[in-house]
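Engineer: Once you've had a glance at the structure underneath, I'll fire off some questions.
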């Protein structure tokens with residue numbers, strides 16, 4: 002399977018996870034453009050710009066551009082990555098420009114928990 006196909010599958014997995022958590026999701030296929038967002042997810046009072054990277058490795062220029070573009074419209078810039086042992090998805094809220102050469106644990110970021118909507122009986 003090509004890197005493109007593998008990346009597309011991960012974007013679909015992320016899209017489905019966000020949809021299961023109550024978001025309306027738009028996939029920006031070929032997001033090599035200026036926004037760097039693979040997915041745009043919306044639900045009341047929340048707008049997410051999501052960059053999907055299975056490995057969780059996001060180059061500084063892409064990180065910084067996602068943070069910048071999200072700030073223009075008040076969106077939350079997120080990095081979606083495979084969870085532990087490839088199961089599930091972890092979301093990281095990018096809080097500011099990436100510190101070049103610094104390890105991920107010292108980057109301006111924090112864990113983002115996707116809200117579970119209560120099911121209505």
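Numbering (the working numbering), first residue to last: 2 to 122. Glycine residues also receive a C-beta, built at the ideal position from the N, C-alpha and C atoms.
Keeping to the same chain, check which residues put their C-beta closer than 6 Å to that of residue 68; ignore five residues upstream and five downstream.
Structural biologist: Cβ neighbours of residue 68 beyond the five flanking positions: 78, 95.
Engineer: Out of curiosity, what's the CA-to-CA distance linking residue 46 and residue 38?
Structural biologist: Answer to the nearest angstrom: the Cα atoms are 19 Å apart.
Engineer: Compare the C-alpha of residue 83 against each of 73, 9, 53, 19 and name the closest.
Structural biologist: Of the listed residues, the one whose Cα sits closest to residue 83 is 53.
Engineer: What number of angstroms, rounded off, separates the C-alpha of residue 115 from the C-alpha of residue 102?
Structural biologist: Looking at the two C-alpha atoms, the distance is approximately 29 Å.
Engineer: For residue 24, I'd like the list of residues in its chain whose CB is within less than 6 Å of its CB, leaving aside the five on either flank, ordered along the chain.
Structural biologist: So the qualifying residues of the chain are 42, 44.
Engineer: Assuming residue 199 is part of the beta strand (DSSP E), what are its boundary residues?
Structural biologist: For residue 199 there is no data in the structure shown, the boundaries of the chain being 2 and 122.
Engineer: Give the range of the beta strand (DSSP E) segment to which residue 109 is assigned.
Structural biologist: Counting along the chain, residue 109 falls outside any beta strand (DSSP E), and DSSP gives it neither H nor E.
Engineer: Going along the chain, which residues of its own chain have a beta-carbon closer than 7 Å to the beta-carbon of residue 20, five neighbours each way excluded?
Structural biologist: Excluding residues within five positions, the ones whose Cβ falls inside 7 Å are 26.
Engineer: What is the DSSP secondary structure of residue 24, reduced to helix, strand or coil?
Structural biologist: Here residue 24 sits in coil by DSSP.
Engineer: What is the DSSP secondary structure of residue 115, counted as helix, strand or coil?
Structural biologist: Residue state, collapsed to three classes: coil.
Engineer: Which word fits residue 120, buried or exposed, when buried means at least 16 other C-beta atoms lie within 10 angstroms of its C-beta?
Structural biologist: Since pLDDT at residue 120 reaches only 43, below the 50 mark, its modelled position is unreliable, and the value read off the structure follows with that caveat. It is exposed - the Cβ of residue 120 has fewer than 16 other Cβ atoms within 10 Å.
Engineer: Report the rounded CA-to-CA distance for residue 8 versus residue 55, giving the unit in angstroms.
Structural biologist: When rounded, the distance between both Cα atoms is 7 Å.
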